[in-house]
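One line per chain: the protein sequences are A and B, in this order.
Counted the way my numbering counts, the first sequence spans residues 5 to 208.
Counted the way my numbering counts, the second sequence spans residues 3 to 240.
Ideal placement from N, C-alpha and C gives every residue a C-beta, glycine not left out.
All values reported here derive from a predicted model rather than from experimental measurement.
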Amino acid sequence: MNFEEYLSKVSPGELVLIEHTSLSTHPLAFHKIGEKYGWDRALLVDIIDSSLPVLRWLRLSGINTPQDVMRIKVGGVSNWGNVILEVDPHKDPGIFLSKFSRKIREVYSKNDFTVTILMNPERLIPLQNGNRHFILNISGMASVFLGNPKRVAFYFVNREMADKMYLALLEEAFTRVLVFTEKTRLTVLKSPEMEEEGGEIELD
Amino acid sequence: MTQLLFSTKFFPFLKHPLPRLTTTLYGIHLILKRVKDMNTIISRLLDLSEGIILVEYPSTSHPELVFLEIVKGWKKRGITPLIVDIRDTLHIFLQNLHFKGIELKVDDVPVIKERGMIKVGSVVGHVDVIEDFEYHLATYGQIAARAPPESRAHTIVLGMEKFSFTFMDNPPKLERYFETVTRKYVSTEGRIGFLFLNLNVASEYLRKGLEQDSEYVLRVEGRKVQVLKSPGVIENEL
Chain A
5 MNFEEYLSKV SPGELVLIEH TSLSTHPLAF HKIGEKYGWD RALLVDIIDS SLPVLRWLRL
65 SGINTPQDVM RIKVGGVSNW GNVILEVDPH KDPGIFLSKF SRKIREVYSK NDFTVTILMN
125 PERLIPLQNG NRHFILNISG MASVFLGNPK RVAFYFVNRE MADKMYLALL EEAFTRVLVF
185 TEKTRLTVLK SPEMEEEGGE IELD
Chain B
3 MTQLLFSTKF FPFLKHPLPR LTTTLYGIHL ILKRVKDMNT IISRLLDLSE GIILVEYPST
63 SHPELVFLEI VKGWKKRGIT PLIVDIRDTL HIFLQNLHFK GIELKVDDVP VIKERGMIKV
123 GSVVGHVDVI EDFEYHLATY GQIAARAPPE SRAHTIVLGM EKFSFTFMDN PPKLERYFET
183 VTRKYVSTEG RIGFLFLNLN VASEYLRKGL EQDSEYVLRV EGRKVQVLKS PGVIENEL
């Protein structure tokens, strides 16, 4: 199966986890998600400019990159896209998480349908010195919106860098877990259709 | 069954390989003996009147199917359980069922929430203090008293690993937790309790401690359940 076909199986309200590596071609998955749902319906939650190397990879591969995407900046310096909120992840997590959660609710209530793309939330954990309460809080925030039919969300997480317990908490909550097993190939680790598990998805 | 066990699904790309009994012929023999259809095992356990049953599951598996069997099975027997929902794990399980096309109604099931934001079921109260065990237990006791005694005798705890998440690499504190909370909370006198534990989150000390204090230990593997521990000595069968 190819990735586009696979995306049409995903229902509104689902949470999809994409576990990539530092060498994988996850920028292609990012691109295909945007093209499939339309960048105009996308909300990019960009942790410390994690989208930048992804966009650069796409540009250097000769692939069109999105220009005016709705973007929540969690740290970082780049002002690309339509930045609707900026929070400082080095500060007290209580403050930035509540600001973030208020904004995201506002976006969902204003729009009929949103595709949320979260780039590398695992990076927040070392910034908060691996605080266990923080890990529980951010994984808990992901599952709050699980089942909300006004959105679907894709999380990109580098499994080589992520805290293993954080990753496992996400895997439990998410309805689908796709993992890069080769440069351009994903394996389905978890799916509501269990017979799909172990199956492969081609990106190119 | 063997085909399912040895399919690629369980091996090459699992990031957190679990200790398995497949390395020796004897091990394979054991697995063949003990792995059974989920429904058969759950249905036998539901007829018990006493015991702690630890349900271990890998993070990408489907523990919600075991949970579904328990709730449905007890319902059939006219029993409404009490659910202890730690950090919205009940919501996670129900949503994972929903996207499988299964709607499990829990509106009439008493739920004690321990942290977490999403209320599902008939919430009888919240326990927000976790790390002060004495205080926790006192609050829990007061709230649990609001649930019918029959429900209290049939408890399902979801999200065990999230309760001790902040101290599960701290054996002295874990020992106090086992002593003060787990051994009392699902006290076995005439009670039955299912404890759900995510294996990829739990520390070794937490898992081993809970396994030791449980009469039954089950492990979810796809649509099968492996029995790792049960009372009696004959073949360790249920």
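- Whose CA, out of A:S28, A:E23 and A:S147, lies closest to the CA of W61 (chain A)? A:S28
- Task: Determine the contact status of M170 (chain B) and S216 (chain B), defining contact as a CB-CB distance below 7 Å.
- Result: no
- Whole angstroms is fine: what's the gap from R109 (chain A)'s alpha carbon to L21 (chain A)'s? 21 Å
- Message: Just to confirm before moving on: does the CB-CB distance between E66 (chain B) and I44 (chain B) stay below 7 Å?
- Response: no
- For K107 (chain A) versus L131 (chain A), is the C-beta distance shorter than 7 Å? no
- Own chain partners of E126 (chain A) with C-beta closer than 7 Å, once the 5 adjacent residues on each side are dropped: V161, N162, M165, A166, D167 and Y170
- How far does the beta strand (DSSP E) with N200 (chain B) in it reach, from first residue to last? I194 to N200
- Apart from the five residues just before and just after R189 (chain A), which ones in its own chain have a Cβ nearer than 8 Å to its Cβ? E204, I205, E206 and L207
- Query: What did DSSP end up calling K95 (chain A) once you bin it into helix, strand or coil?
  - Reply: coil
- Task: In the DSSP assignment, find the alpha helix (DSSP H) that holds L70 (chain B) and state where it starts and stops.
- Result: P65 to K78
- Query: Listing by chain order, which chain B residues have their CB less than 8 Å from the CB of T179 (chain A)?
  - Reply: Q97, N98 and F101
- Item | Sequence-distant residues of the same chain with beta carbon closer than 8 Å to I139 (chain A), five excluded per side | I129, D167, M169, Y170 and L173
- Per-residue contacts from G151 (chain A) into chain B (C-beta, under 9 Å): H93, L96, Q97, H100 and F101
- Query: Beta-carbon separation of L48 (chain A) and L150 (chain A) under 7 Å?
  - Reply: no
- Express the C-alpha separation of G42 (chain A) and H35 (chain A) in angstroms, rounding to a whole number. 10 Å
- Query: So is R136 (chain A) in contact with chain B if we call contact Cβ pairs under 7 Å?
  - Reply: yes
- Query: Got a sec? Which residues, its chain only, sit under 6 Å from F178 (chain A) by beta carbon, not counting five neighbours each side?
  - Reply: L19 and L21
- Straight-line CA distance for P153 (chain A) to P16 (chain A)? 5 Å
- Is there contact here, the region 99-106 of chain B with the region 77-86 of chain B, by at least three beta-carbon pairs under 8 Å? no
- Query: In three-state terms, what does DSSP make of L96 (chain B)?
  - Reply: helix
- Message: For R180 (chain A) and P196 (chain A), what's the separation of their Cα atoms in angstroms?
- Response: 7 Å
- Hey, out of B:V57, B:L220 and B:H128, whose CA is closest to A149 (chain B)'s CA? B:H128
- When DSSP builds the beta bridges, which residues end up paired with P186 (chain A)? It is Glu, not Pro, that sits at residue 186 (chain A) in the sequence shown. In DSSP, E186 (chain A) forms a bridge with A:R189.
- Near K186 (chain B), what residues of its chain come up, given a Cβ to Cβ distance below 7 Å and the 5 sequence neighbours on each side ignored? L139
- Which chain B residues are close to K194 (chain A), counting only those with a beta carbon under 7 Å from its beta carbon? T62
- Task: Starting from the C-beta of H94 (chain A), find all residues in its chain whose C-beta is less than 8 Å away, skip the five residues before and the five after it, and write them out in chain order.
- Result: G79 and L131
- Item | At least 3 beta-carbon pairs within less than 8 Å: the region 116-127 of chain B vs the region 145-165 of chain B | yes
- Message: Between A:I76, A:M123 and A:S105, which has its C-alpha nearest P57 (chain A)'s C-alpha?
- Response: A:M123
- Query: In whole angstroms, what separates the C-alpha of Y218 (chain B) from that of G134 (chain A)?
  - Reply: 34 Å
- Task: Measure the C-alpha to C-alpha separation of K194 (chain A) and H93 (chain B) and round it to an integer number of angstroms.
- Result: 18 Å
- Within its chain, find whatever has a CB closer than 7 Å to the CB of G1 (chain B); leave out the 5 residues flanking it on each side and keep chain order. In this structure chain B extends from 3 to 240, so residue 1 (chain B) is not present and cannot be described.
- State the Cα-Cα distance for the pair H31 (chain B) and G53 (chain B), rounded to the nearest angstrom. Only weak support exists for where H31 (chain B) lies, its pLDDT of 41 falling under 50; the value from the coordinates is given anyway. Cα to Cα, the separation comes out at about 27 Å.
- Message: DSSP three-state label for P112 (chain B), please.
- Response: strand
- Message: Looking at chain A, is there any beta carbon in it that lies within less than 7 Å of the beta carbon of D90 (chain B)?
- Response: yes
- Check whether the Cβ atoms of L208 (chain B) and S166 (chain B) lie closer than 7 Å to each other. yes
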